[in-house]
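Worksheet for the structure shown next.
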Amino acid sequence: MKAIRTGTAELIFWLTGLTILFFSDPHQHHYSVCVLANMGFESWCPGCGIGRSIALLMHGEFAESFSMHWFGMPALLILLHRIFTLIRKRNSRELFNAKL
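If you read the sequence shown in our numbering, its first letter stands for residue 1, the second for the next number, and so on.
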């Protein structure tokens, strides 16, 4: 339970998600976790394409990333900021606990 409080589970979740996106092929259609897409709705979903947009961005394909979803770059920056914040918080707690 202590690991969940310190943000370790969240850190592992975000790092795993970005690692999977990095090693995925963004040009190949793959399974979607979008509820609307899985229900068969073909209408535009505000979240569809963000994962592929981030994957394209991590492969250096900036124009394709933007055309896939305009929020890919801000989403990646937000996720990276959150990851670095969790790492810093975790390291500062470990240093604080080591000094006690």
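Even for Gly, the Cβ is constructed at its ideal location relative to N, Cα and C.
- Residue state for M39 is assigned as coil, using DSSP reduced to three classes.
- Annotation: the continuous alpha helix (DSSP H) that includes S53 extends over 50-58.
- By the Cβ neighbour-count rule, M68 is buried, with 16 or more other Cβ atoms within 10 Å of its own.
- One Cα belongs to S65, the other to K89, and the distance between them is close to 31 Å.
- Collapsing the DSSP output to three states places G72 in a helix.
- Leaving aside the five residues that flank G51 on each side, the residues in its chain whose CB is nearer than 7 Å to its CB run, in chain order, L21.
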